[in-house]
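First comes the structure, then the notes that go with it.
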Ligand code: ADP
Ligand code: MG
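Residue numbers (the working numbering): 6 to 284.
Here it is as C-alpha cells:
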C-alpha cells in the first residue's frame, strides 16, 4: 500500500510563487512514493526543503502545484484533512515546545482527547503509547524533570497515542546526545518492525546509514533516492551538496585504501565488530 505520494509538487512560501520577490520555491517539481512500512531517512543540508516536505506530508502545508496524497487522499481535500493528520503523525526538534501538561500522562492524553475518544480508551492509549517508548514508569512524572531523550520519547508517545500509520520525525534527535539518539532510534526501529512507516529527517549521515532507504534533497529537489550503500557510493556528489559521508564509511574506505578490506560497513558499531573479529 502506498502511504505517501508526491506528484510534481511545487511549494513556495511567497504568495506570488516567488516571481515578484525573486524567492525560489522551497520545493521544486518533487515526485516520490513512500510505501507503507518503509524505514526512511530524509537528508539534505540546511534549507534544502526537508521541513517543508515534512509539512506537506500531512497537509500542514499544501502544494502550489502538483499533488500530495496520503493513503490515496489529497491533502487539499478539506474533508479528509482530519484523517490525514491522524494517519501521518509529526514530531519536531524541540520536545519542550511539544509538552504542555505538568504530568506526563496528561500530556499523552491530549491527542486522544482531541479526536474525541472515550475516557476508557484514552487510558488504554496512554498505557500503549508509554509502553511503546518504554516510559510506563514515568506516567505520573513531571515532563520538565526528564532528560532530553526521555522528553523526546514522551513526545513520540503523544503522537503514538493517536495510532498514526506514518511517523515523521523532523530533526527530533538533533538536540540529543548519542545515547538519547540511540534511545529514539531503538523506539522507531521497533515501531517500524510492527509495520509503522518511519521517516526520520536528519543531517547526520551516520544516523541515516541505519535506515533502509535514504532520500536526499538539494535546493528543493530530489537529489538521490536509494539504499545507504547506493547513496554513499556517490561520494563526490554528496560533498558537492554539502553532505558528509558517515564516519564508518569514511574510515572503512581509508582502511581499504591501505590494504584492509572489511567488506561493506554502514555503522560504527558494525565497523567495531569487524575490527574486533580480526585476529
Ligand atoms: P530544511 O528543513 O531542509 O532546513 P526548510 O524546508 O526549512 O529546509 O526550508 C526550505 C527553504 O524555505 C529555505 O530556503 C528556507 O529559508 C525557506 N523557508 C522555510 N520556512 C519558511 C517560512 N516560514 N517562510 C519563508 N521561507 C521559509
Ligand atoms: Mg528543517
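No residue lacks a Cβ here, since even glycine has one placed at the ideal position from N, Cα and C.
(request) Work out the CA separation of residue 273 and residue 208 for me, nearest whole Å. (result) 17 Å
(request) Using only alpha-carbon positions, find the residue among 237, 93 and 252 that is nearest to residue 246. (result) 237
(request) Would you mind stating whether residue 147 and residue 108 have Cβ atoms separated by less than 8 Å? (result) yes
(request) Mind listing which residues have their beta carbon within less than 6 Å of any non-hydrogen atom of the ligand ADP? Chain order is fine. (result) 18, 31, 49, 51, 52, 53, 54, 55, 56 and 57
(request) Measure the alpha-carbon distance for residue 210 versus residue 42 and round it to whole angstroms. (result) 22 Å
(request) Determine the closest residue to residue 95 out of 133, 164 and 132, with distance taken between C-alpha atoms. (result) 164
(request) Identify every run of the beta strand (DSSP E) within the region 59-136, keeping only runs that are complete inside it and at least 3 residues long; order them along the chain. (result) 70-75 and 93-96
(message) Tell me which residue opens and which closes the beta strand (DSSP E) that residue 229 is part of.
(response) 226-231
(request) With residue 239 as the anchor, note down where its beta strand (DSSP E) starts and where it stops. (result) Unbroken run through residue 239: none, as it is neither H nor E.
(request) Within its chain, find whatever has a CB closer than 7 Å to the CB of residue 223; leave out the 5 residues flanking it on each side and keep chain order. (result) 49, 53 and 246
(message) Suppose you measure from the CA of residue 76 to the CA of residue 198; what does that come to, to the nearest Å?
(response) 20 Å
(message) What does the alpha-carbon distance come out to for the pair residue 86 and residue 140?
(response) 30 Å
(request) Look at the alpha carbon of residue 112 and the alpha carbon of residue 106, and state the distance between them as a whole number of angstroms. (result) 5 Å
(message) Once the 5 residues before and after residue 90 are set aside, which same chain residues still bring their CB inside 7 Å of it?
(response) 63 and 64
(request) Provide the residue(s) that pair with residue 48 in DSSP beta bridges, ordered along the chain. (result) 221
(message) Could you pull the DSSP bridge partners for residue 40 from this structure?
(response) 7
(request) With hydrogens ignored, establish whether the beta-carbon of residue 182 is closer than 7 Å to any heavy atom of the ligand MG. (result) no
(message) For a quick check, are the C-beta atoms of residue 179 and residue 240 less than 8 Å apart?
(response) no
(message) Can you determine whether any heavy atom of the ligand MG sits closer than 7 Å to the C-beta of residue 212, and answer yes or no?
(response) no
(request) Give me the Cα-Cα distance between residue 172 and residue 11, rounded to the nearest whole angstrom. (result) 17 Å
(request) For residue 35, write down the residues that DSSP places opposite it in a beta bridge. (result) 14
(request) Drop a sphere of 10 angstroms on the beta-carbon of residue 176, count the other beta-carbons inside from all chains shown, and report buried for 16 or more, exposed for fewer. (result) buried
(request) Could you please give me the residues that DSSP links to residue 174 through a beta bridge? (result) 96 and 205
(request) Quick one: grab the DSSP three-state call for residue 265. (result) coil
(message) Within a Cβ cutoff of 6 Å, which residues of the same chain sit near residue 286, ignoring the five residues on either side of it in sequence?
(response) Within the shown structure, residues of the chain are numbered from 6 to 284, placing residue 286 beyond reach of any answer.
(request) Under 8 Å by Cβ, that's how I've got residue 225 and residue 32 pegged, so tell me the actual separation to the nearest angstrom. (result) 5 Å
(message) Taking the beta carbon of residue 124 as the centre, do at least 16 other beta carbons fall within 10 Å, making it buried, or is it exposed?
(response) exposed
(message) Suppose contacts are defined by Cβ-Cβ distances below 8 Å. Is residue 117 in contact with residue 59 by that definition?
(response) no
(message) Once DSSP output is grouped into helix, strand and coil, what is the label at residue 165?
(response) helix
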